[in-house]
Amino acid sequence: MHKIWAVAKNTVRQALRMKIAIIFIILLLVLLPLMGLTASGDGTLQGRLQTFLSYGLSLTSLLLCLLTVIVSTYTVTSDIEQRQIYTVATKPIRRHEFILGKLLGVIVLDVALLTLFAGIVYTVTVTMPKFVKASDGERRHLDNEFYTARASLVPPQIDVHEEVLALYEKQKDQLDKLYASLSYEQIIKELTIRKRLEKRAAAVGQGLLWEFENVKPLGEGQSLFIRFKYDVSENPTDGQVYGRWQIGDLRQLRYGTEIKTEIWEEDRKDPIRAYREIEVQAPVVAEDGYLAVGYINVPLNRTVVLFPLEDGLEILYKADTFTANFIRAALLILCRLIFLAVLGMLAGSFLSFPVAILFCLVIFFTGTVSGFILESFDELGRGLSQVYGYTIKLLVQLLPRFDKYNPTNFLVPARLMTWSFLGRVALSMVCVKALLLLLLALLVFSFRELARIIV
Amino acid sequence: MDYAIETISLTKIFSDWWGRAKVYAVDDLNLQVQQNEVFGLLGPNGSGKTTTIKMLLGLLHPTKGHALLLGGQGTDPKINARIGFLPEESYLYRFLNARETLDFYGRLFGLAPDVRKMRIEALLEMVGLMAVARRPVGTYSKGMARRIGLAQALINDPDLLILDEPTTGLDPIGTRQIKDLIIKLAERGKTILLCSHLLADVEDVCNRIAILYGGRVQAEGHVADLLQQANKRQIVTGAISDQAISKVQKILRDEGAECEVTAPMERLETFFINTVVEAQQQARPTSGAVSTTDIGDFLTAEKSQEGILDKLVSTSEVESKPVTAPETEKVEPAEVKKPEPDRDLLGELTKSAERPDTEPVAPAESAAADLTKSDRYKPADSEQVKKDVLDALAGSSADQPGQDADEQEPPKDGDPGDA
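Next comes the structure, spelled out in structure tokens:
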């Protein structure tokens, strides 16, 4: 362990004294405060904060990722190319200890720099409202929708499988004609979507009811938010839709018992195809965590109102603090950095510096568009099923999914990033993928010839 | 008995991309280096010396055969802990300063902090880099880098020292010092593998040599055996009169032998060292390495004493010179501080110029030296010029009789090559 630590310390020194890290540090130290001053967003304070947080954190993440790739590949390849490895490898240190030491050094550097820069981003984000004029309403709005970590509940998927099958049996001939080019599975898929959408549509005068369980808002007196988006079958002239909302323990109404918890009622008019939020400033959740949301399509509308499948409706409530959420977001970035550090070790263990860095950057950038890559491979792989399934698919699965696990996706809309989510990301990105790469790196490095071939 | 170094039909073939054999860098090499031997591996450039060393240390994998160091593999940390290695160039971390460099390597050996600190100071003192210890190693000249490279090879007080071209880039004093060090370490029972093509260096210190060419051993054996000329004799005397010379010549002619009379030249190395030592006495400032002839105390201390010594020194103030071990070896570091360092130095140098295993006034020895007689003996007119230096030289050894048993022999002045 002492030996690993000695190598790690040396690696940190190398990164700092060879001025690789310094360039990135200066760049961030200049850019971050500058962004704080210039970020404007949509003009509101919240927009400004969201822009700064989003860009600041993304920039920190990007630059630290690049730094990690450069330092981790450089520190291994330069020792081999400049041959300091001759004197180090002949000391009583095993090769894997050497690589682990290098890795530890890069991670220590990452943790230090991430703490520093995430700290700067956090400080600027938290203190910015103090220097900006804003109304009390705007500040309240900020506290509710930005400086918080809101958990989100979406209505559970309704099982429509039986209904779809029944429908298909009934209209088989008609459907086969209609979807002549599609296979059976595809027709079922199409029908499923249609059926689900039906369940989320309300004709004029009809209502929709969603029921939630295990709603646990943080503390007393906190608001609850219903975030929704309308869609319509016929566009109203002013592009607005009326609605009567009832939120609370609606079981009380059904069974006619006396009202224990409050029921929040609101008549609203909202634009279509835009996110809107209803703030429920009352304790409406039943003691057992039950909550129902009802919507009635009032006759003022002349259209069917429906809520899109993916993001039509969700309940948001404050579940944690902004600070805790921010810390988890920083840890998410750290997972990335650790993955890249290990990747750098692997590349450095058998490639020369320019090739190694190219290799890492390619992986890094494909990782940032991994969703697209995975999809396109899936599409391509359909014809090659078996061979593809066992070869390329496994390799593609090893790609890090930086785009999917993007911390700004959580912080900007103030969504709660749960520890279990972070744990799952850490498990897949660090404990599985990075560990596999590390083992490979140790294996390659332990058995390769370190000396260059000179005759 | 285990050999310190053993190779069994060691072969290294460098092949091209298609796997076809391209070059036999080392070809069926069988070397045995005994414990406590100073072994010289000689050969022209590209003869496979460095490749052999890299295979010994596990930096290259042999194509065929085995390489054993101290009875084990060169990649085993237990073996590595007893080895010191100086590569053909000092590959150092340019961003570290001298002290940090040694500290780093010390940590790799898992040396305790106090021992590490004591050794670093002793080694910096020994290689004369104390004054520049805070400068990044990247700014060092080649010779200075060599010195710090040597220091890192010695930080674990190795049982086996592998030196690849140790004297390249070093000034003559540094070269002399390394040679002294090798001899000192050999006296303490260490084994040294010296790889060089500077023949003079090898001849000065090695017991046994092997000459490689094309990856094969072309000649191997004891230096004395290989170089001895059994059909010649050499007599070295003090400054005797011309009459005495003619008498001797007459006697020799009666024996039917040819004879040549010259005044021996001082070695350029000795002369150079004297000059520099004088300049140092006048305290001329230098930005380079300080030349010392000290050898790190922990390196010259006997093994059994070492633990105690380390503790003793570490508890005392590091700034002061490390406590003198109760060994006679300790005379040297003190000597330099005497008012007449040049003399002492000379004594030291001439003493160490001998091979430790030769007997006093051995015929073989003088005959061996005779080999290069014509190189060393210059026309008689130089006799007057060098006379006083010669006196000093002779005097110095006379001044310190019995300092060492080897001292009895007159100074062996003038090995070839250096001059």
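Quick mapping for you: the protein sequence lines, in order, are chains A and B. Note that the numbering used here has the first sequence beginning at 570, numbered continuously upward. Note that the numbering used here has the second sequence beginning at 2, numbered continuously upward. Cβ coordinates follow ideal geometry from the N, Cα and C atoms, glycine included. Since we're looking at a predicted model, the values are computed, not measured.
If you ignore the 5 residues before and after Thr64 (chain B), its C-beta comes within less than 8 Å of the C-beta of Thr12, Lys13 and Ile14, all in its own chain and listed in chain order. Contact of Pro167 (chain B) with chain A is not assigned, every C-beta pair being separated by 7 Å or more. Apart from the 5 residues on each side of it in sequence, Phe933 (chain A) sits with its Cβ closer than 7 Å to the Cβ of Cys634, Val638 and Leu909 in its chain, given in chain order. Beyond the five residues adjoining it in sequence on each side, Leu906 (chain A) comes within less than 8 Å, by CB distance, of Leu633, Cys634, Thr637, Ile676, Asp679 and Leu683 in the same chain, given in chain order. Here the C-alpha atom of Ser197 (chain B) lies approximately 26 Å from the C-alpha atom of Val277 (chain B). Shortest Cα-Cα distance from Asn46 (chain B) to any of B:Gln244, B:Ile274 and B:Gly215 involves B:Gly215.
When DSSP states are grouped into helix, strand and coil, Val873 (chain A) belongs to the coil group. Residues of the segment 885 to 903 of chain A with a C-beta less than 9 Å from any C-beta of chain B: none at all. A check of alpha carbon separations from Asn31 (chain B) across B:Val24, B:Thr168 and B:Leu57 identifies B:Leu57 as the nearest. For Ile926 (chain A), the closest of A:Gln966, A:Gly913 and A:Gly674 by C-alpha to C-alpha distance is A:Gly913. Under the Cβ distance rule, Lys671 (chain A) does not count among the residues neighbouring chain B, no pair being separated by less than 7 Å. Taking the beta carbon of Ala225 (chain B) as reference, no residue of chain A falls within 9 Å; the closest one sits roughly 32 Å away. Counting only runs of 3 or more residues that sit fully inside the segment 838 to 907 of chain A, the beta strand (DSSP E) segments are 845 to 849, 860 to 865 and 882 to 889, in chain order.
In terms of beta-carbon proximity, Tyr92 (chain B) lines the interface with chain A, with at least one pair separated by less than 7 Å. Fewer than three pairs of CB atoms, one per stretch, sit closer than 8 Å, so the segment 936 to 944 of chain A makes no contact with the segment 655 to 674 of chain A. Counting only runs that start and end inside the segment 160 to 191 of chain B, the alpha helix (DSSP H) elements of at least 4 residues fall at 173 to 188. For Ala658 (chain A), there is no enclosing beta strand (DSSP E); the residue is part of the alpha helix (DSSP H) that begins and ends at Gln653 to Ala658. Each residue's CA atom was taken as its position, placing Glu835 (chain A) and Val801 (chain A) some 20 Å apart. The C-beta of Arg120 (chain B) comes no closer than 7 Å to any C-beta of chain A. The CB of Gly111 (chain B) comes closer than 8 Å to the CB of His571, Lys572 and Pro661 in chain A, given here in chain order. Glu279 (chain B) sits exposed, since fewer than 16 C-beta atoms from the chains shown fall within 10 Å of its C-beta. Taking 7 Å as the upper bound on Cβ-Cβ separation, chain B lies near residues Gln651, Arg652, Gln653 and Tyr655 of the segment 634 to 655 of chain A. Taking 4 residues as the minimum length, the alpha helix (DSSP H) runs contained wholly in the segment 909 to 964 of chain A are 922 to 937, 939 to 950 and 954 to 959, in order along the chain. Taking a Cβ-Cβ cut-off of 9 Å, the neighbours of Ala658 (chain A) in chain B comprise Leu58, Gly59, Leu60, Thr76 and Asn81, given in sequence order.
Per DSSP, Phe272 (chain B) is one residue of the alpha helix (DSSP H) stretching across Leu269 to Gln282. Assignment of alpha helix (DSSP H) within the segment 753 to 821 of chain A, counting only whole runs of 4 or more residues, yields 753 to 768 in chain order.
Between Arg108 (chain B) and chain A, the shortest Cβ-Cβ separation is below 7 Å.
Around the beta carbon of Asp226 (chain B), a 10 Å sphere encloses fewer than 16 other beta carbons of the protein chains shown; the residue is thus reported as exposed. Around Phe273 (chain B), no beta-carbon contact reaches into chain A at under 9 Å, the shortest distance being about 30 Å. With respect to Leu991 (chain A), Leu900 (chain A) sits close: the two C-beta atoms are nearer than 7 Å.
A Cβ-Cβ separation of about 11 Å leaves Phe105 (chain B) out of contact with Leu112 (chain B) under the 8 Å criterion. Judged by DSSP in its simplified three-state form, Asn31 (chain B) adopts strand. Taking 7 Å as the cut-off, the Cβ atoms of Leu597 (chain A) and Phe686 (chain A) count as close. Listed by position along chain B, the residues whose Cβ is nearer than 8 Å to that of Glu1018 (chain A) are Leu60, Leu61 and His62. Below the 8 Å Cβ cutoff, chain B contributes no neighbours of Ala681 (chain A), its closest Cβ being approximately 18 Å away. Sequence-distant partners of Tyr859 (chain A) (beyond 5 residues in either direction) whose C-beta falls short of 8 Å from its own C-beta, in its chain, are Glu780, Phe781, Glu782, Val784, Asp818 and Arg820.
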